[in-house]
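Presented below is the structure to which this report refers.
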Amino acid sequence: MMPATDPVSMIAALVAVFSVALVIWLLIAAGLRESSAACLCLAFANALQGGALLLLRTPEADPRWLDMGADLMLLGAFGLIRLAVPLMAERPVRWLPIAVLVLVVTGLLTRLPAGPGGVAHLMLLDGTMGLLCLLSARDTYRLLRARELRPGLAAMFGVPFLLVGLLLLARPLVATMSPSGAEALDLHSQFSIAWLWTALVLALALNGTLAFLLLMKLVLQIRRLTLRDPLTDALNRRALAEAMAREHHRVQRGHTYALVLLDMDRFKQLNDTLGHAAGDAALKALVALLQPCLREVDLLGRLGGEEFCALLPYTDIAGAALVAERMRHLLERSEFSWNGQSWPLSASFGITESVATDEDPADVLRRADEALYRAKAQGRNVVQAVEAADMDRRPPAGSGQGDPVPS
Amino acid sequence: MMARMPTLDAATLLLVITVVDVFACGVWLLLGEVLRIAPRASRRLALHHGLLAIVWWPTVPPALEPLLGLPVTLICAGLLTAGVRGLMRLRHQLNDVVAVVLVGLAAHAVVYPDLTAARAISNVFAAVLALMAGADILRGAGFRRPVTLLLLMPYLVLAGAALWRASGLLGWVPAGLGLAGLTTNAPLALVRLVVNLSVTTGLIALVLQRLIARVRHLTRRDPLTGLLNRRAIEEHLQRLQSQVDRGRTHALVLLDVDHFKRINDELGHAGGDAALHHLAEVLGEALRTTDCFGRVGGEEFAVLMPDTDEAGALLVAERLRRLLQERPLTWVDKIWPMSASFGVAAMRLGDAHGKDAMARADAAMYAAKARGRNRVQRAPLQGEPA
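Order-wise, the sequence lines are chains D and B.
FYI, the numbering for the first sequence is 1 to 407, going by our numbering.
FYI, the numbering for the second sequence is 1 to 386, going by our numbering.
Structure, rendered in structure tokens:
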């Protein structure tokens, strides 16, 4: 047998939950200085919810003021939660409409009789809070989807907000249907008890969801920092090497992949003439230009300096040639200027495809490097291909490097 | 004490604690299994909360307490301590924790079926394990002191309450001053709820702090050499410039590896990386802890020297140059001599963000390259030819 629930103890437990949440959010905001605005919002939201519960429990005071105070606190709490979600993602927030909404609704609530029979009061109060929660649910879902989280997982984290919203909307509905059931929180009614339990679980879930949003943000930031080159946002060398190793596993199963290796032409002159900042801007512009030439499965990485490599799965050398030629053409036609001074961008391209005899991705990369070397030797701004068979006929490494290469 | 507070119901609070434990179990599973944050520690903590929820579930018959309830509670306390240690990453072995838990279990077996003695034993060992977890937090949490002490509170409360209850059970405190158990003592149950919540949320705050520290490290460090990256150097430069404007003297040295392209061509990219690593290590050892040493570009490095004038910086640069010359790179089976060209500039008043000092040091470094490399060059003064 489950023991009967005592509503007073439940309220005490809820206040305890809100207090701990208040302290922890303050600690994150002040001690860790991470997403401070969002965490402060949440700290105050918890404080307001706990305060509202305590106010409702306080006997002998002017009930009219008490009700207004509790209403304002609850509405304020949900308004703050509504603000916290976009703040967590460092998105712009419009706090003014929410503040106006909270104040206007509180003003309206003072005109409506509360307590027993105050169905209109309950409907307006819980309806507004429910609406704010539903909006937070939508925000959470969109936010997580924007961070490329799977739709299922993103929906899972919107669910607590959705449930709180629906629960809040359910209270006035139940009150309309059985006007004696839902007025005061400490009535031993079945609905009150169920509502308190749900409030507890959802208070936990709401705070948990927001903590998860914060964690998620940090985890994705770390992943980005470890996988991407901070300047150009292309993959870094290590991430590209890992992707190539994964792709190479499939070569044995008959899937070929191709590499397009490219090196920006006259990058040193650009740096020396227009400065390092211009060089950085040119690299960024190059990546922005090349990315649209690639499919979703293709990966573009920066190998270092001004050298980039595109990994094209399920592609042979002819396909890679098309991609590289398109890239070359786009770069040649692009207009890059720095402080009003224009600079022609171009790059040299070396392409190759994987063959079954390649032992590891380094063999493929070496051929692409050889092709790139030939492209540079041909006078830059060209695409050159090297096939595995060409490499076998090539003189030993080092000796043939000065020769002009016929194509 | 309870006169002015409404009476609370221990059974309800215990049920709330159980629900909180179920929730906490889910949170740690999510952290460990979905986000892959500290998976092993997360699993221990999830098990801690999960087992507690089972033991405290109100429909578990009281007759099982000596056989199931108390031993499992002890194991839970051990799991919490093990989880905290995993999160702290202080040391990996858990021998002491396992030993305490095993001794506690053995003690339970010895006193069986004396329930009072078993409860006292359970509380004593729970207190020891809570204190062990607290000690790990005290040493391992990278927070500022007051915050660490705040995080420590729940463990101290846990240990204190357990010891109080144990001494009451053993008859060491006068009758009436002992602490009743959770199932009949509602205030204690409320405290326990707050403690449980604080433990979980505090540990999550700790995880957050670890992640934040990692993000800050990654955004300020060059991944190859582990030195400061260009952005961090520029930030430091800006900070130093504001001090120069208030009358202090700082200097800046830029250096560029000589013939780096040749190293790359002859030893391969991995060899080039090793050369940069080598340089960071050799020069890093020779610098003061207050100097800011960073990699600002491909093979270009910067050293910001606070409270150093130009003459001092020239001396240091010369020492660094000689050091690098004396310690060649060893790569696979080759010994490869390395050198660098240095440009030194003193920071000046009224220079926006220190950009001018950087440009002058860069010009001096190029002058050093032009004059045959492996040398230190002072930045020309205003009006003086380079």
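Glycine residues also receive a C-beta, built at the ideal position from the N, C-alpha and C atoms.
Check                                                                                                                     : Outcome
Residue ranges of each alpha helix (DSSP H) within the segment 195-262 of chain B, 4 or longer                            : 230-245
Run of the alpha helix (DSSP H) containing D:Ser136, from where it starts to where it stops                               : Val119 to Ala146
Which of helix, strand or coil DSSP assigns to D:Tyr257                                                                   : strand
The segment 248-255 of chain B touching the segment 333-347 of chain B, judged by at least three CB pairs closer than 8 Å : yes
Between the CA atoms of B:Pro380 and B:Glu451 - distance to the nearest angstrom                                          : This structure gives no information on residue 451 of chain B, because the portion of chain B shown stretches from 1 to 386.
Straight-line gap, D:Thr198 to B:Leu70 (C-alpha atoms, nearest Å)                                                         : 30 Å
Residues near B:Val199 in its chain [Cβ-Cβ closer than 6 Å; skip 5 each side]                                             : Pro154
Proximal residues to D:Val364 (C-beta, below 7 Å), its chain only, five neighbours per side dropped                       : Leu259, Thr352, Ser354 and Asp358
D:Leu210 and D:Val164 closer than 7 Å at C-beta                                                                           : no
CB contact below 7 Å: B:Gln209 versus chain D                                                                             : yes
Identity of the residues DSSP links to D:Asp263 by a beta bridge                                                          : D:Glu307 and D:Ser348
Beta-carbon proximity list for D:Asn207, same chain, < 6 Å, skipping 5 on both sides                                      : Ala21
Unbroken alpha helix (DSSP H) run spanning D:Glu332, endpoints                                                            : Ile317 to Arg333
Per DSSP, the bridge partner or partners of B:Thr330                                                                      : B:Ile335
Alpha-carbon to alpha-carbon, B:Arg231 and D:Asp411                                                                       : This structure cannot settle anything about residue 411 of chain D, because the visible part of chain D is limited to 1 through 407.
Supposed close pair B:Val376, B:Arg321 - CB separation, criterion 8 Å                                                     : 6 Å
Residue from B:Trp164, B:Ile212, B:Ala107 and B:Glu65 whose Cα sits closest to the Cα of B:Phe143                         : B:Ile212
Beta carbon proximity, B:Thr18 to chain D, threshold 7 Å                                                                  : no
Minimum Cβ-Cβ distance from D:Pro404 to chain B less than 7 Å                                                             : Confidence in D:Pro404 is poor, its pLDDT being 38 and thus under 50, which makes the residue's placement unreliable; the coordinate value appears in the next sentence. With 7 Å as the cut-off, D:Pro404 does not count as an interface residue toward chain B.
Three-state secondary structure assigned by DSSP to D:Met156                                                              : helix
D:Glu183 - DSSP class collapsed to helix/strand/coil                                                                      : Bear in mind that a pLDDT of 48 at D:Glu183, under 50, signals an unreliable position, so the number given afterwards is only what the model happens to contain. Three-state result, D:Glu183: coil.
Rounded distance between the beta-carbons of D:Ala155 and D:Tyr141, thought under 8 Å                                     : 6 Å
Local Cβ density within 10 Å of D:Asp265, reported as buried at 16 or more and exposed below that                         : buried
Whole-angstrom distance between B:Val19 and D:Gly79, CA atom to CA atom                                                   : 27 Å
Chain D contact for B:Gly69 (CB, 7 Å cutoff)                                                                              : no
Close-in-space but distant-in-sequence residues of the same chain around B:Ala82 (CB under 7 Å, 5 per side omitted)       : Arg44, Leu94 and Val97
Backbone secondary structure at D:Val104 - three-state DSSP                                                               : helix
Distance, B:Arg119 Cα to B:Gly168 Cα                                                                                      : 11 Å
Closest residue to B:Pro337 among B:Gly32, B:Gly271 and B:Leu8 (Cα-Cα distance)                                           : B:Gly271
Beta-carbon neighbours of D:Asp126, restricted to chain B and to distances below 7 Å                                      : The premise fails here: D:Asp126 is roughly 23 Å from chain B at the closest Cβ pair, so nothing lies under 7 Å.
Beta carbon of D:Ala43 nearer than 7 Å to that of D:Leu55                                                                 : no
Residue from B:His48, B:Ala53 and B:Ala46 with nearest C-alpha to B:Val16                                                 : B:Ala53
Integer-rounded CB distance, given that B:Thr225 should sit under 8 Å from B:Arg295                                       : 5 Å
Cβ pair B:Ala161, B:Ala126 closer than 7 Å                                                                                : no
Near-chain B residues of the segment 21-32 of chain D (beta-carbon distance less than 8 Å), N- to C-terminal order        : Ala21, Val23, Ile24, Leu27, Ile28, Gly31 and Leu32
Close Cβ partners of D:Phe267 (< 7 Å) along its chain, the five nearest in sequence each way excluded                     : Gly279 and Glu306
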